[in-house]
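Comments concern the structure below.
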Amino acid sequence: MTTEWTTIRLIVFLTLSVLFAQNATAHGGVVQEDDLCVIKVSYLRAHFKVYQPRASGHEQFCEDLPVASESVFVMEYLHDALVTMPIDFRIIRDVTGKGRFARLEDVEQIEDLDGATVFYQPATTEPDVFTVVHEFGEEGDFIGIVSAMQPDTRKIYAAVFPFEVGFTGVGYWPFFIGALVLLQLQYLLMSGRLKRWFGGRGSTGVAGLCLCLLLLVPTGETYADAGGLRVTYSTPAGPPTVNRIHSWVLHVESAEGVPIENAEIIVRGGMPEHDHGLPTHPRVTEELGGGDYRLDGMRFHMRGYWEIEVTVVTEEGSTVVVIPLQL
Amino acid sequence: MRSTLVLVVALAAATAFTAWWLLRSTEPPAWNDAEIVVLQSLALESLPLLPPDPSNAVADEPLAADFGAELFFDARLSGNGGISCATCHQPVRHFTDGLPKGQAIGTSKRNTPSIIGTAYSPWLYWDGRRDSQWSQALSPLEDPNEQGTNRIHIVRIVARNPSYRSQYEALFEPLPDIADKARFPDVREAAHGPDWEAVWSSMTPDDRAVINRAFANIGKAIAAFERTLMPRASRFDHYVDAVINGDLQAQETALTDEEIRGLRLFIGEASCTQCHNGPLFTNNEFHNTGVLSAEGELPDKGRVVGVREVLENPFNCLGDFSDDPERFCPELEFVRTGTSLIGTVRTPSLRNVEHTAPYMHKGQLATLAEALAHYNRAPDAMIGHNEAKPLNLNGRQLRQLEAFLRTLSSPIGSE
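So the sequence lines, in the order shown, correspond to chains A and B. With our numbering, the residue at position 261 of the first sequence is 415, and numbering never jumps. With our numbering, the residue at position 349 of the second sequence is 674, and numbering never jumps.
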């Protein structure tokens, strides 16, 4: 058993090392990190993905594209500096003859860069997400070049990624996925989790059900306690309803009932089950005295379970009190 | 003999069971109290009184609505003299145009949304780049692809038309004298690009303010008309009435069993009311639902750009042209910004959705079935994060949902 597993482990390890090494060297600026395709413009990273919406709908590609078709390149910044940097995007036909092994140095040696260029988006600052669209007229080998300029130092950072349009082979993706599956299976087997999972299914189910039931219990309380503080809310214009902007009055007091005055109050909130926040940025606009604070700009945009997170900052420190709210 | 009796009894039992099973499987279960509350919240009866718009002093003036209606249908208010608001917002199509994207002087950026009930929305446009009906009404006039003219030309058209002039002056102040073409250049072109910038910046700040003031007033008259466009009761509304009154006969007349099952999915398993809630079936909020980019276009960034635009717009609630001395603008003041808005657009109303195809912000989906299939899959968004989760409904359930959506139709026209 042990020898068997060691052998499989070794095979998996070797396969993975080869694949990762290929990814890192051959793909220049675009690498696979966990399940995320990442472009590295020097040290600046962005989530990189390409779509061919006409040819394959919502399917994401990391680099190689199956057909010559309308292609949308997307970079979602993982580094804030990219938000303020002018970024340009160029696609050239691969005239380096190096295919997957083309690097920045090879691109820099191209004499007629414009002649080889099939798409060029001049530098623009995109504060949210960087996107370009290009319709490939023919299949072949291409090289993408992304450069970003640091606005203060005017230093330019670049990423180069060779890719194929209309690639016929399936590449090594199936191997890669297969290897991952093997690795995970091995982990589950070796750690005994698989067994525990099958064995412990009954109790997990019960625990899950209890959790669901807990979440479904409506909360009618208008206060919450935490860290020796109690925060109570009232809504002067009637109970909170969906889709209407309104104000709250927050009352903050200690566990002994002493009002907390002159505190800084920060309010956030959202629906934990839906993974989104409030539709507005509410703020405390006035301290009313006696531990009361006016909170303006509250709005809920759907029914369900909400949590309002009130951070009370005083000289003693800061305390977060979460008010549950069932609408 | 005995065996015949057994056979008859067995047959009778089988028939009874079959009848029970069939009846059981076609009769939708009754609504519980919590569900009735949700049904009631969606019915037109629950629509609150239209809140006042303090930024528009003539919002509820019938004379302003009449003047606004004339302006709304007047194609002279355009660069080529052939495009009015109603070119795209066609009353017979519930103020939409049946096209993926609006077609006027050119092609609009997005799908033409209905105007009905938008007086209730804190935000206008798919990306919410305007915060009132009156400031919204100004934009198409100056959009090179829509009405394609500019504010000076619009004010001049109103000033030169005796009927318009008298209606304007009865509602607002005397129209400024803009006959001097040296001070107020005579251009018809769209307020767009360097040529327009040159014309506009050649004017004195006072003259620009005079034009802006009159232009804003014209928008306020159009908004007074648009404020009167309210939805009419649909079969769904009659059904909710019947449920509340316990009138079984009326319930059966209003909706079929399949439609009722669709309604149950709509407020339950399909989670549609997370966004399509309230009597207008919209929360007027911004959501990313992972719709594919339109052909030849970049994915739409939506609200993340729209929110910047509304904050900078000189005709917004906090701007110089609001009639509210208090500048009470909580929506603008407490507006959400940030990356969670990437790729989000405003939830449209579902009233008359059957008649407002194609769907989505670029009209990407041609039919209700396609729209439902999209939500059933909830694919990853091209940019940002799709907030919807896959529904995993079967084909029959999707057809029931579609049948329910068709019960939200009402006669053309407003009440």
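Glycine residues also receive a C-beta, built at the ideal position from the N, C-alpha and C atoms. Since the structure is predicted, the reported quantities are computational estimates derived from the model, not experimental observations.
Of all the options the options, which has the alpha carbon lying nearest to the alpha carbon of residue i?
i        : options                                : result
B:LEU605 : B:PRO416, B:ALA411, B:LEU733, B:TRP356 : B:LEU733
A:ILE419 : A:GLU224, A:THR439, A:ALA235           : A:THR439
B:THR421 : B:LEU402, B:SER403, B:GLY407, B:THR443 : B:THR443
A:THR250 : A:ILE241, A:VAL261, A:ASP242, A:ARG244 : A:VAL261
B:ARG652 : B:ASP520, B:CYS600, B:THR681, B:ALA382 : B:ALA382
A:TYR231 : A:GLN214, A:ALA256, A:LYS203, A:VAL421 : A:LYS203
B:HIS724 : B:LEU375, B:LEU590, B:LEU364, B:SER488 : Sequence check: residue 724 of chain B is Arg here, not His. Selected option, being the one with the closest Cα: B:LEU590.
B:PHE397 : B:ALA411, B:PRO387, B:LEU693, B:ILE585 : B:ALA411
B:ARG731 : B:VAL678, B:SER647, B:GLU695           : B:VAL678
A:GLY320 : A:GLY451, A:GLY211, A:ALA222, A:GLY444 : A:ALA222
A:ARG254 : A:SER225, A:PHE215, A:ILE297, A:LEU442 : A:ILE297
Where does residue i fall in DSSP's three states?
i        : result
A:ASP295 : strand
B:VAL629 : helix
B:PHE342 : helix
A:TRP402 : strand
B:PHE599 : With the sequence shown as reference, residue 599 of chain B is identified as Gln, and Phe is not the correct amino acid for it. Helix.
A:HIS435 : coil
B:ILE430 : coil
B:SER734 : coil
A:ASP446 : strand
A:PHE255 : helix
Quick one: using the 10 Å Cβ neighbour count with 16 as the cut-off for buried, is residue i buried or exposed?
i        : result
B:ALA384 : buried
A:LEU369 : Per-residue confidence for A:LEU369 stands at a pLDDT of 38, beneath the threshold of 50, marking its modelled position as unreliable; the derived number appears in the next sentence. So A:LEU369 ends up on the exposed side.
B:TYR450 : buried
A:PHE317 : buried
B:LYS506 : exposed
A:TRP290 : The sequence shown places Phe at residue 290 of chain A, rather than the Trp named in the question. That one is buried.
B:GLU594 : exposed
A:ARG457 : buried
A:GLU469 : exposed
A:ASN416 : exposed
A:ASP218 : buried
A:GLY382 : exposed
B:ASN602 : buried
B:GLU471 : buried
A:THR412 : The amino acid at residue 412 of chain A is misidentified as Thr; the sequence shows Val. Answer is exposed; the Cβ neighbour count stays below 16.
A:MET284 : This sequence places Phe at residue 284 of chain A; Met is not what is there. So A:PHE284 counts as buried.
A:GLU292 : exposed
A:ARG453 : buried
B:LEU332 : exposed
B:ASN436 : buried
B:PRO377 : exposed
B:LYS426 : buried
B:SER330 : Before going further, note that residue 330 of chain B is Leu rather than Ser in the sequence given. With fewer than 16 Cβ atoms within 10 Å of its Cβ, B:LEU330 is classed as exposed.
B:ILE592 : buried
A:TYR197 : exposed
A:GLY356 : Low confidence applies here, because A:GLY356 scores a pLDDT of 43, under 50, leaving its location unreliable and the question unanswered by this model.
B:ALA696 : buried
Under DSSP, the alpha helix (DSSP H) around residue i begins and ends at which residues?
i        : result
A:CYS216 : Counting along the chain, A:CYS216 falls outside any alpha helix (DSSP H), and DSSP gives it neither H nor E.
B:PHE392 : 387-397
B:ASP532 : 530-551
A:TYR387 : First-last for A:TYR387: 383-388, but that is the beta strand (DSSP E), not the alpha helix (DSSP H).
B:TYR489 : 487-496
B:GLU658 : 655-658
B:PHE591 : 582-592
B:CYS413 : 410-413
B:PHE561 : 560-570
B:ARG721 : 720-730
B:SER439 : First-last for B:SER439: undefined, no H or E at that position.
B:ALA696 : 693-702
Looking at the unbroken beta strand (DSSP E) that takes in residue i, where does it start and where does it end?
i        : result
A:HIS201 : 198-205
A:PRO478 : 471-480
A:TYR311 : 310-319
Flag residue i as yes if its beta-carbon sits less than 8 Å from any beta-carbon of chain E, otherwise no.
i        : result
A:ILE399 : The structure shown contains no chain E; its protein chains are A and B.
Does the segment 361-368 of chain B come within contact of the segment 560-577 of chain B, defined as at least 3 CB pairs closer than 8 Å? Contact between the segment 361-368 of chain B and the segment 560-577 of chain B is present: 3 or more CB-CB pairs across the two stretches fall below 8 Å.
| request: Kindly confirm or deny that the segment 689-709 of chain B and the segment 458-468 of chain B touch, where touching means at least three C-beta pairs closer than 8 Å. | output: no
Quiz item: Is there contact here, the segment 543-552 of chain B with the segment 377-396 of chain B, by at least three beta-carbon pairs under 8 Å?
Solution: Segments in contact, yes.
How do the segment 634-643 of chain B and the segment 579-593 of chain B stand: do at least 3 beta-carbon pairs fall below 8 Å, yes or no? no
Sufficient close CB pairs (3 or more, under 8 Å) joining the segment 608-622 of chain B to the segment 656-670 of chain B:
yes
Is there contact here, the segment 270-285 of chain A with the segment 223-241 of chain A, by at least three beta-carbon pairs under 8 Å? yes
**Study point:** Three-pair Cβ contact test at 8 Å for the segment 382-394 of chain A versus the segment 464-478 of chain A
**Key:** yes
- Answer yes if the segment 433-449 of chain A comes into contact with the segment 390-405 of chain A, meaning at least three C-beta pairs across the two stretches below 8 Å, and no otherwise. yes
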